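Engineer:
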Amino acid sequence: MDVGTKHPPEERKMWADHPGAPDMSNDNEVITFLRERIVNLMKPHRPAIMGSQQYYPEHFGINNIPFGVGSSPSISPPQCVSRVGNTVIFLSLLAKAGLFADSGPLLEEAFSEPTLNKFAALPKEIHRHVRSVVQNALLTGCPLPEGSTADISDVQLHLPVAVGEFTDFSASKEHVLNAGEVVTGKRALPPAFLDFPIAYAGRASSIVVSGTPIERPMGQFLNRQSTVPEVVYGPSRQVDFELEVAAIIGQSVDGGQRVTATDADEHIFGLVLLNDWSARDIQAYEMSPLGPFNGKNFGTTISPWVITLAALEPFTVPAPAREKPVASYLHGGLDKAFSIILKADVRGGEMAYTTVCESNMGMMYWTFSHMLAHHTVGGCSLRTGDILASGTVSGSGNGEFGCLLESTWGGTKPISLADGTARAFLEDGDEVRFTGQADAGVGFGECVGRLVPARSFGSV
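Numbering-wise, our numbering puts 100 at position 100 of the sequence shown, and it's gapless, one number per residue.
#1: To the nearest angstrom, how far is it from the Cα of residue 425 to the Cα of residue 452?
#2: For residue 365, does the three-state DSSP call read helix, strand or coil?
#3: Which value, in whole angstroms, describes the spacing of the CA atoms of residue 437 and residue 240?
#4: Can you look up residue 86 in the DSSP assignment and give me helix, strand or coil?
#5: Where does residue 282 fall in DSSP's three states?
#6: Should residue 447 and residue 153 be called a contact, given that it needs their Cβ atoms to be closer than 8 Å?
#7: Taking the continuous beta strand (DSSP E) assigned at residue 274, which residues delimit it?
#8: Let me know if residue 457 comes out buried or exposed under the rule of 16 or more other beta-carbons within 10 Å of its beta-carbon.
#9: In the DSSP assignment, find the unbroken alpha helix (DSSP H) run with residue 105 in it and report its ends.
#10: My output table needs one value for residue 170: the three-state DSSP class, helix, strand or coil.
#11: Where does residue 128 sit, in a helix, a strand or coil, going by DSSP?
#12: Mind listing, in chain order, the continuous beta strand (DSSP E) runs of no fewer than 3 residues lying wholly within the segment 154-221?
#13: Could you name the residues of the same chain whose beta carbon sits closer than 7 Å to that of residue 147, not counting the 5 residues immediately before and after it, in chain order?
#14: For the structure I just gave you, are there three or more beta carbon pairs, one from the segment 320-340 and one from the segment 260-268, closer than 8 Å?
#15: DSSP three-state call for residue 360: helix, strand or coil?
#16: Which of the three DSSP states, helix, strand or coil, is assigned to residue 244?
#17: Distance check for residue 102 and residue 461, CA to CA, integer angstroms please.
#18: Quick check: the segment 370-380 against the segment 271-290, are at least 3 beta-carbon pairs closer than 8 Å?
#19: Could you name the residues that DSSP lists as bridge partners for residue 235?
#20: Which value, in whole angstroms, describes the spacing of the CA atoms of residue 316 and residue 235?
#21: Would you list the residues sitting across from residue 446 in a DSSP beta bridge?
#22: Checking 8 Å against the spacing of the C-beta atoms, do residue 200 and residue 291 come in under that value?
#23: Let me know if residue 296 comes out buried or exposed under the rule of 16 or more other beta-carbons within 10 Å of its beta-carbon.
#24: May I ask which residues mark the beginning and end of the beta strand (DSSP E) holding residue 150?
#25: If I follow the unbroken alpha helix (DSSP H) through residue 309, where does it start and stop?
#26: Whole angstroms are fine: how far does the CA of residue 313 sit from the CA of residue 39?
#27: Assuming residue 471 and residue 197 make a contact with CB atoms under 8 Å, what is their CB distance in whole Å?
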């Protein structure tokens, strides 16, 4: 539902009995009335900042209706939730009260789960039905069941899905060119990049929800500060972030099913922000010939709210043109990307944040439809809750680089933070915050993690 569109007669009939309702035959008055209701719904009930946490009510308007997992002092253990503004809605209580009609018993069971997996596995038409019911209830002033809502400041958010597998792609052409030039001195794409989206198998156990501290990893790497090259063991000296977006699989893909890019969206439940924390020195030494391992598996942060493709649909833009023909299974996903403004902010301790990157998801050469199609082309299955990450989302200009490897050119050109300090790579105590927003009340909130010192063997 988009409040800027015309509304069917049955919806106008519901609103006609609402106090202060306009002339329902006048489109402009209806739109003004709905916009005023949305503003009231999004007014914060409490201060929007609690410690370092920000709530971003402007990201969660009536056109969003995200899904997550939360608990509160009065509702525990964790269960499935949505939100509008700063109001969190416990969905099982809506289902129990009969708001979802014939789907109620099925949804009450799914929404009582401590993850979104059971709900995400349901057909897309049920996801759309739930979203529409919640929107209509909020817009018409229908009272929600007693105890079914809570202020965001009273809610603990949890990992939204149980993640079985994690695949990290490298879909940004600019990132691949920039990073390649930093590491090898040559600005060139890998041979296969223009033929299909390249990827590696990540570590699902590394995935944590926003707000979880990330420990600096220990490992082996080349000591480049020594006059004689030597391999040392110790805490990584080059911890980095990577600004990414990730798709969460909804309906599973059976082994051998093979999904084309045209049909891929039916298997994507929604998107989250993702920080693929990276230890560049460990990664560099271990990469050849099998790719990243310990340099990438110590922490991966995702945002707690899953944003549906339905919410993002109004923000589609043409995907970058292909530079060469692609295989038939990749056809169909060529013309649609999402314009989402992504930001990466860094701060030391409790100092002010410095924005070190602003890029746009619409710049990615490959889309999530391509990624899913390529993932299944060999017959690989995908299960509900699996995560496909985009890889670092970078642009071509200064301020658009989605990691420190690019923005500091491998640590040779440190960046300055608001407190006057410089960073080649992240220091202990640094906090990294990602945000993503499309427009019109549709955003992701934040994805935050703080780097903490490495522990020695045997410490707890």
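Beta carbons are placed, not taken as given, at the ideal position from N, Cα and C, and that holds for glycine. Model, not experiment: these values are computed from the prediction.
Structural biologist: Looking at the atomic coordinates:
#1: Spanning the two alpha carbons is a distance of roughly 14 Å.
#2: Looking at residue 365 - three-state DSSP - the assignment turns out to be coil, as it is neither helix nor strand.
#3: 23 Å
#4: coil
#5: helix
#6: no
#7: 268-276
#8: exposed
#9: Note, residue 105: alpha helix (DSSP H), 104-111.
#10: DSSP, read as helix, strand or coil, puts residue 170 in coil.
#11: helix
#12: 166-169, 199-201, 207-209
#13: 74, 93
#14: At 8 Å Cβ cutoff, the stretches touch.
#15: The three-state secondary structure of residue 360, taken from DSSP, is strand.
#16: In the displayed model, residue 244 falls within a strand according to three-state DSSP.
#17: There is no way to answer for residue 461, as the model of the chain reaches only from 1 to 460.
#18: no
#19: DSSP, once it has assigned bridges, lists 218 as partnering residue 235.
#20: 42 Å
#21: 435
#22: yes
#23: buried
#24: 149-151
#25: Start and end: 309-312.
#26: Only weak support is given to the placement of residue 39: the predicted model assigns it a pLDDT of 44, under 50, and the value that follows is read from those uncertain coordinates. Taking the straight line joining both Cα atoms gives about 22 Å.
#27: Residue 471 lies beyond the stretch modelled for the chain, which goes from 1 to 460, so this question has no answer here.
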